[in-house]
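Single-structure report; data block below.
In the working numbering, the protein residues as written are 678 to 1614.
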């Protein structure tokens, strides 16, 4: 909406941008949010303000409804002008787009003024020649009364710049009451002595919030109806598609019969569950007294009365809130889930998901915005793949698997049983959102015995015929914000919400596929993602152990950390099927995966606005059961590439390459060759490397002479290495890099990582300061183990041997948190603190987990005798530098041998070993703990 007032519709001679002012309601550089400037006029407010117009005026409340003028020259806009100008040079013009609905424009009849009143939803604007000067330099009593009246009604002027020359007075006003952003321009014109004022409101980004509704299901009557339902149309059907559709239709019809929809009003929403009507009355009375005190600040009796009542009210609120929170924790009892829900409510730990509301502003209406977001998610994989194909049309086809070291084998999917289906249904999470069919996992779990038979029949039909039902291939996508600009679709990750029935079938297929791949050892040992008994901590340990051993041998190490752009979304279904076939997935099983990957569709839902369904040609669904396993199959060839003088470690798409050599020249040469091989593989498999986020790091025992290393790595975008230097981008060399949650530096001191952890631990103090007053000691201890010690234990066997000077800040943060939990003063003794809390220091946690890891790796043989005088020591590796003696590869056997000699734990079970080692190291002071990791006994 645009508004022009003052000099009529004559073309302007020049445009003057408003300058920023401190006193007035100016818009600065031409942009202002009037709602944020309301405090600018608070000093002018007076309760007994005067009327702006004379009381004997009889026509000030009379309003004329003006009609719009349509002109072809205006295009898609309409023009509205005032009807009763004071003189020939007066008048107000309003332009607005025809697509805007809910707008009304009136012309109040005001003495000696020409104005228009514009109403748009909750926005109100008054524009015209008011003939009152409101420039900050020339404020008089009449102008102050005028401004006081505007503030009283929640209105603000949009500018205070001169609109008449040469008097430099602001007589043409724009008055606005709106939370939207306003743009005001003052246009100089030589036609009249008034400057034209143009005001524009940014209303295109406004959207209505969705009405919150609650669906309540009567589970008892629903179970009774399902018990009397005939599923013969499903059980007697041999067509997979028809049987699936019949099952969904039956469930939907029964669920809809026993589901009621209730609209939640903001008035009935309970903001604070411990708030009572009496407390609300007390709060209102306190606020009224405060308002009176502001009007009469000299009244000492009123001040004392208010302070006394305020203190009483606040103490009562705190007491009742504390009692309510205690009751929540006590009522939870031994129910762990209910207890953690209460803990999150009390300590404000409920995770608040960032709503993607900003995405609704990328187009004029929400429907177009959701369609735009959906088309972006659907087309991003195809766009990246087509870009690679167009640039590398003459490259060789992608290899299925380099030199397969295994004989040809085949996957066989046996039928499922009712018992297996029941176990699978029980493994579903009840908190998961329902798919497009509105069949929740909670309904399936409550009616397990009734629905297991028809579901098992549908799953068996699918695995026998090699058809994945089309009803299971429809997904609802929710954009999850990552980081950066909230208005950019690239900063959101699409998470697919699938049908609960689809998850059951996917879990059954995934169980058979994973069992086949693991039993036949078809997955690369360098892949640690989404695999049982393999974690990100193991991947970090494998990476750092390889670097430490090479640095101990005085070799130069260089690590390249790859970042793939939209890896899950750019998986090619055709290439994935070729890889599955090469791994032994053939016949009906291959047809099943082909059916699963083809014919998929999705829609996007943002704040209740649903887009149209679009077909998905690339990628595996993020949020599905089969998606991660299929992605491992797709990336398996990369982990099996033969790259000379290198070590590859991968966790899903997070891949690190480490190259070692005797000199930096050789190391960079090997790294460039290996990086070219990896880049070629990525191009052949239609995966795009994010050059901006891919970096490399040089590792050395001493401070690396980065400035003295004249070498670099180039990300070649062509298939053959040219003989002359090319213009391809070079990789960035970093001082630190974050890989799988661990910050690595060039000397592996982990100083930056320890500082990050120190900040994370200290941020927990606010939570424990709140929870310690209402929770029992055992609950506080449980929270400490879950929130703090879990952070300290992540990959502790990798960084726990760091220098004690680097660990000092982290241990101080740990002690500070323990003192908060136990209500201890700042100078409380450290040893006594850990004894009373029955907790271990960071170094003691490292010793305990190192011993347990070694105990697991060196299980005693059945022929070991319990009566042996001394158990055989674990072999120490041949590592000679003091640098390598700070890592698990050396400290693991070293600490374990010490503990064996002191505690004789080599024949104990893991639980008994942990209990005995914990009791021993809890009695050690700081120096005795440090002596356990010292090379000298």
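C-beta: ideal position from N, C-alpha, C; glycine also.
For the pair the region 1442-1459 and the region 1017-1029, tell me if three or more CB-CB distances fall below 8 Å.
yes
Range of the contiguous alpha helix (DSSP H) that encloses residue 967
954-972
In the DSSP assignment, find the unbroken alpha helix (DSSP H) run with residue 830 in it and report its ends.
Neither: residue 830 is in no alpha helix (DSSP H) and is coded neither H nor E.
Among 1565, 1589, 1518 and 1569, which residue has its Cα nearest to the Cα of residue 1599?
1518
Stretch pair the region 930-938 + the region 1136-1149: three plus CB contacts closer than 8 Å
no
Sufficient close CB pairs (3 or more, under 8 Å) joining the region 1421-1429 to the region 1469-1480
yes
Per-residue DSSP class, three states only, for residue 1434
helix
Bridge partners - residue 1153, DSSP secondary structure assignment
1174 and 1280
If you reduce the DSSP assignment to three classes, tell me which class residue 1117 lands in.
coil
Keeping to the same chain, check which residues put their C-beta closer than 6 Å to that of residue 1665; ignore five residues upstream and five downstream.
Residue 1665 lies beyond the range of the chain shown here (678 to 1614); nothing can be said about it.
So who's on the other strand from residue 1410, going by DSSP bridges?
1373
Would you mind working out which of 1493, 1413 and 878 sits nearest residue 1439, comparing C-alpha positions?
1493
Can you give me the C-alpha to C-alpha distance between residue 908 and residue 1032, rounded to a whole angstrom?
40 Å
Alpha carbon of residue 1227 to alpha carbon of residue 1337, nearest angstrom
7 Å
I'd like the list of long-range same chain contacts for residue 1580, defined as Cβ closer than 8 Å, with 5 residues on each side in sequence excluded.
1593, 1594 and 1597
Between the C-alpha atoms of residue 1103 and residue 1360, what's the straight-line distance to the nearest angstrom?
42 Å
Nonlocal neighbours in the same chain, by C-beta distance under 7 Å from residue 1354, ignoring five residues either side:
1318 and 1320
Could you give the DSSP three-state label for residue 1577: helix, strand or coil?
helix
Pick helix, strand or coil for residue 758, following the three-state DSSP scheme.
strand
Going by DSSP in three states, residue 900 sits in which element: helix, strand or coil?
helix
8 Å Cβ shell around residue 1574 - same chain, five flanking residues per side excluded
1550, 1551 and 1553
Any contact of the region 900-915 with the region 855-864, i.e. 3+ C-beta pairs under 8 Å?
no
If contacts are defined as beta-carbon pairs under 8 Å, then residue 1327 and residue 1198 qualify, I think. What distance do you get, rounded to the angstrom?
Actually they are not in contact, since the Cβ atoms of residue 1327 and residue 1198 sit about 17 Å apart, beyond 8 Å.
Start-to-end residues for the alpha helix (DSSP H) that takes in residue 1003:
977-1009
Could you tell me the boundaries of the beta strand (DSSP E) in which residue 795 lies?
791-797
How would you call residue 773, buried or exposed, if buried means at least 16 neighbouring beta carbons within 10 angstroms?
buried
Residue 1516 - DSSP class collapsed to helix/strand/coil:
coil
What does the alpha-carbon distance come out to for the pair residue 1307 and residue 1515?
45 Å
Just checking, does the region 1208-1228 make contact with the region 1272-1285 on the three C-beta pairs under 8 Å criterion?
no
Keeping to the same chain, check which residues put their C-beta closer than 8 Å to that of residue 1486; ignore five residues upstream and five downstream.
1431, 1432 and 1435
Let me make sure I understand the geometry here. Which of 1225, 1055 and 995 has the alpha-carbon closest to that of residue 1422?
1225
Since residue 1153 contacts residue 1039 with CB under 8 Å, what's their CB separation in whole angstroms?
In fact, because the Cβ distance is near 20 Å, the residues do not count as touching under 8 Å.
Could you give the residue range of the alpha helix (DSSP H) that holds residue 1099?
1095-1103
Could you check if residue 1130 belongs to the surroundings of the ligand HEM, using beta carbon to heavy atom distance under 6 Å?
In terms of ligand content, the structure shown is empty, and the ligand HEM therefore cannot be addressed.
Segment limits, alpha helix (DSSP H) that includes residue 1473
1473-1476
Anticipated Cβ contact below 8 Å, residue 790 with residue 853, distance rounded:
Not confirmed; about 17 Å, so no contact.
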